[in-house]
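These notes concern the structure reproduced below.
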Amino acid sequence: MIFLYFDPGLGAMIVQAVVAAAAGVLLFSKGVMYKVKGFLGLLKQDDDTYDSIDLDEKDDADETK
Amino acid sequence: MKQNNTHPHQASFRDPSGYMFHDGDVLRRAINPIYFKQYNALKDSAFFKTLIKNRLLIAHQETSVSEDQIVLTPEPIAFITNPYEWSFEQYKHAALHTLKIQKYALSKGFILKDASAYNVTFHKGSPIFIDTLSFDFYEQDTPWRAYKQFITHFFGPLVLASYHGTEIFKMLQSHIDGIPVKLISSLLPGKTKLSSTIFTNIHLLAKMESKHSEDYKAETKIAKLSFKAQNNIIDNLFDFIKKLSIKEETEWGDYYDKTNYNDAAFQGKKTLIEDWVTSLNPQRLIDIGGNDGTFARTVVHKVPHVIVTDIDSNAVAHNYKQAQQNKETNMLAFVCDVLQPAPGIGLNNTERNSLVERLQNYSPDVTMALALIHHITLSGNVPFDRSAQFFASFSKYLVIEFPTREDSWVTSLLVRKREFINHFDFYNQASFETGYQHYFDIEKKEVVPGTKRVLYLLKNKG
Chain S
2 MIFLYFDPGL GAMIVQAVVA AAAGVLLFSK GVMYKVKGFL GLLKQDDDTY DSIDLDEKDD
62 ADETK
Chain Y
4 MKQNNTHPHQ ASFRDPSGYM FHDGDVLRRA INPIYFKQYN ALKDSAFFKT LIKNRLLIAH
64 QETSVSEDQI VLTPEPIAFI TNPYEWSFEQ YKHAALHTLK IQKYALSKGF ILKDASAYNV
124 TFHKGSPIFI DTLSFDFYEQ DTPWRAYKQF ITHFFGPLVL ASYHGTEIFK MLQSHIDGIP
184 VKLISSLLPG KTKLSSTIFT NIHLLAKMES KHSEDYKAET KIAKLSFKAQ NNIIDNLFDF
244 IKKLSIKEET EWGDYYDKTN YNDAAFQGKK TLIEDWVTSL NPQRLIDIGG NDGTFARTVV
304 HKVPHVIVTD IDSNAVAHNY KQAQQNKETN MLAFVCDVLQ PAPGIGLNNT ERNSLVERLQ
364 NYSPDVTMAL ALIHHITLSG NVPFDRSAQF FASFSKYLVI EFPTREDSWV TSLLVRKREF
424 INHFDFYNQA SFETGYQHYF DIEKKEVVPG TKRVLYLLKN KG
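This is the structure we're talking about:
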């Protein structure tokens, strides 16, 4: 059991199933669009300075070898 | 561990897993036995190590381990800024940072058990997660418990700001646990219901929350959410937030194009400031009303830590971006209105310190206030001795620029007083000096060449 020290909100816990479904559809269609745009050479450069959501773990793997 | 010289940090009481405390001058973190299992798992799996190495989580040293307490000593942070003091860009990056950590945690069998905006601050030019005990084990197919908190602390305020401007962030001052979902929903324009991301994450959430608000006995079964589905929520929020922007930001013009003096004068002012500041050899410097950091940048390579604040959120955003691009890791930018500095909020009004308290703790060696006094005095109607008192409460040396009545900006501010213009006859160099000499000694005084402005170097009498 995870220790619960604040109320996560019941509605918020239930709604996540719907949120995730909508997100899934959106991500899928974006993925398709990305491939199409990439094929047509229409991809734009992102000017935001924050990098991607995925953490690059390559260096860490090397170290633990 | 000595217990006599320690006292708990005022902001650290919500989470039973542990707490922060002051041990003399050092800030440490105590972990209670209730969290040992999680802590050891996070430590042994190199989870902490990876996060710290990638500058996602603040670094820490394990100071002591006993049966009833583990003590960590985190890397010190020079100055804590709060969400209501961030520019849009910074707020956005803090949100993305939180999602990035949650996604990585999930992939390693952990979760962020809370997603408070106060768990992130800015350190060495980038957002950093500062609550080391915010992690817990992921349980198969459970929804993200911190989801609602993420919406009220991050997603909601950001979406609101994209429609209404960054003034929205100040709502966090009166809502320490985030803006209520219902309020976010009601403040958003109707057309946002057409966005599937905003509709589900805000409007539908608000509806579901009020529908289930009377489940006093916690009877309703909590729905399941697959691992993949949770990742979808996080990925989609990340993509959406990354693309958010505000109108103000794109309109940010070059302020210094609008100044009333020429390039030579501009350069002359820079040289004067550089010389004066360098001769004082400061360790910490703050530029109040420093716009995008143009003048602070003249000394950024000579001073170990530099803060630039401005009332204009766009200027702060611009400064933050520049600092990231130039890799000026000793530059910290945040939004502040001198006439209404951030108050102490939360329990006992001490959970989040007031700006003045934080400035006093930071205790800058040099404070700069350039092209600011005429705004404080003429727009804010603040008498000279009162603004002097404000600066004296935290500054050792003060580099302050006084635009005389002949300066075109001052003239324009005075003309706008119309029939009350005579009430401001006190705005002159002599009264300025008298007012400031209550608290400061005048060390240097020089006219900025080619302008109607005088630069002063003042030393605190206290």
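Same order as they appear, the protein sequences are chains S and Y. According to my numbering, the first sequence is numbered sequentially starting from 2. According to my numbering, the second sequence is numbered sequentially starting from 4. Where a beta carbon is used, it is the ideal one built from N, C-alpha and C, also for glycine. All values derive from a computational prediction rather than experimental measurement.
3-residue-minimum beta strand (DSSP E) runs that sit fully inside the segment 134 to 162 of chain Y, ordered along the chain: Counting only runs that start and end inside the segment 134 to 162 of chain Y, the beta strand (DSSP E) elements of at least 3 residues fall at 138 to 140.
State yes or no: is the beta carbon of S15 (chain Y) nearer than 8 Å to at least one beta carbon in chain S? Taking a beta-carbon distance threshold of 8 Å, S15 (chain Y) does not count as an interface residue toward chain S.
What is the residue span of the alpha helix (DSSP H) that R389 (chain Y) lies within? Its alpha helix (DSSP H) spans residues F387 to A395.
Assumed close pair L115 (chain Y), S20 (chain Y) - CB separation to whole angstroms, cut-off 8 Å: Contact doesn't hold; Cβ gap of about 13 Å is too wide.
G21 (chain Y) bridges to which residues according to DSSP? Y:I34
Is the beta carbon of P346 (chain Y) less than 8 Å from the beta carbon of L288 (chain Y)? no
In terms of residue numbering, what span does the alpha helix (DSSP H) encompassing Q46 (chain S) cover? Neither: Q46 (chain S) is in no alpha helix (DSSP H) and is coded neither H nor E.
Residue range of the alpha helix (DSSP H) that includes T414 (chain Y): Where T414 (chain Y) is concerned, the enclosing alpha helix (DSSP H) stretches over S411 to V418.
Measure how close the beta-carbons of A97 (chain Y) and W89 (chain Y) come, nearest whole angstrom, since I'm counting them as under 8 Å. 7 Å
Pull up the distance between the alpha-carbon of H426 (chain Y) and that of N384 (chain Y), whole angstroms please. 10 Å
Nonlocal neighbours in the same chain, by C-beta distance under 8 Å from Q328 (chain Y), ignoring five residues either side: none
Look up A372 (chain Y) in the DSSP assignment and give the residues it is bridged to. Y:I403
Nearest neighbour of D117 (chain Y), chosen from Y:V418, Y:I61, Y:K151 and Y:N317 [CA to CA]: When Y:V418, Y:I61, Y:K151 and Y:N317 are compared, the shortest CA-CA separation from D117 (chain Y) is found for Y:K151.
If you draw a straight line from the C-alpha of S248 (chain Y) to the C-alpha of F40 (chain S), how long is it? 27 Å
Residues of its chain near A33 (chain Y), where Cβ-Cβ distance is below 7 Å and the 5 sequence neighbours each way are ignored: G21, Y22, F24, Q72 and V74
Please state if the CB of A395 (chain Y) and the CB of Y323 (chain Y) are separated by a distance shorter than 8 Å. no
Would you kindly work out how many angstroms separate the C-alpha atoms of I314 (chain Y) and Q143 (chain Y), rounded to a whole number? Each residue's Cα considered, the two are about 46 Å apart.
Check each residue of the segment 356 to 372 of chain Y: if its Cβ is closer than 9 Å to any Cβ of chain S, include it; give the result in chain order. none
Taking the alpha carbon of K2 (chain Y) as the point to measure from, which residue in Y:L275, Y:C339, Y:V311 and Y:H377 has its own alpha carbon closest? Only positions 4 to 465 of chain Y appear in the structure, and residue 2 (chain Y) is not among them; the question remains open.
Compare the C-beta of F241 (chain Y) against all C-beta atoms of chain S and say whether one is closer than 8 Å. With 8 Å as the cut-off, F241 (chain Y) counts as an interface residue toward chain S.
Using the C-alpha atoms, what's the distance from F387 (chain Y) back to S213 (chain Y)? 52 Å
Under the three-state reduction of DSSP, which class applies to Q343 (chain Y): helix, strand or coil? coil
Could you check what DSSP says for K324 (chain Y) in three-state terms: helix, strand or coil? helix
For D295 (chain Y), count neighbouring Cβ atoms within 10 angstroms of its own Cβ and tell me buried if that reaches 16, exposed if not. buried
Three-state class that DSSP yields for Q72 (chain Y) in the structure shown: coil
State the Cα-Cα distance for the pair N35 (chain Y) and I179 (chain Y), rounded to the nearest angstrom. 25 Å
Leaving aside the five residues before and after D290 (chain Y) along the sequence, list all residues of the same chain whose C-beta is less than 6 Å from its C-beta, in chain order. Annotation for D290 (chain Y): A299, V311 and M371 place their beta carbon closer than 6 Å to its own, counting only its chain and skipping 5 residues before and after.
Measure the C-alpha to C-alpha separation of E254 (chain Y) and L207 (chain Y) and round it to an integer number of angstroms. Bear in mind that the predicted position of E254 (chain Y) carries a pLDDT of just 48, short of 50, making it too unreliable to give a figure here.
So, helix, strand or coil for F241 (chain Y), using DSSP? F241 (chain Y) falls in the helix class under three-state DSSP.
Could you work out which residue in Y:T76, Y:H321, Y:P452 and Y:T297 is closest to H63 (chain Y) when comparing CA atoms only? Y:T76
Could you confirm whether any beta carbon from chain S is found closer than 8 Å to the beta carbon of T253 (chain Y)? Confidence at T253 (chain Y) is low in this model, with a pLDDT of 49, below 50, so the placement of that residue should be treated as unreliable; the coordinate-derived value is given next. Contact with chain S is absent for T253 (chain Y), since none of that chain's Cβ atoms lies less than 8 Å from the residue's Cβ.
Alpha helix (DSSP H) segment containing K464 (chain Y), residue limits: Run containing K464 (chain Y): none; DSSP gives neither H nor E here.
So with CB distances below 8 Å, who are the chain Y contacts of Q17 (chain S)? P146, W147, Y150, A226, L228, A232, Q233 and I236
Suppose contacts are defined by Cβ-Cβ distances below 8 Å. Is N122 (chain Y) in contact with F138 (chain Y) by that definition? no
G39 (chain S) at chain Y interface by Cβ criterion, 8 Å: no
Anything in chain Y within Cβ reach of L43 (chain S), meaning under 9 Å, just list it in chain order. In chain order: nothing, as chain Y lies at least about 16 Å away.
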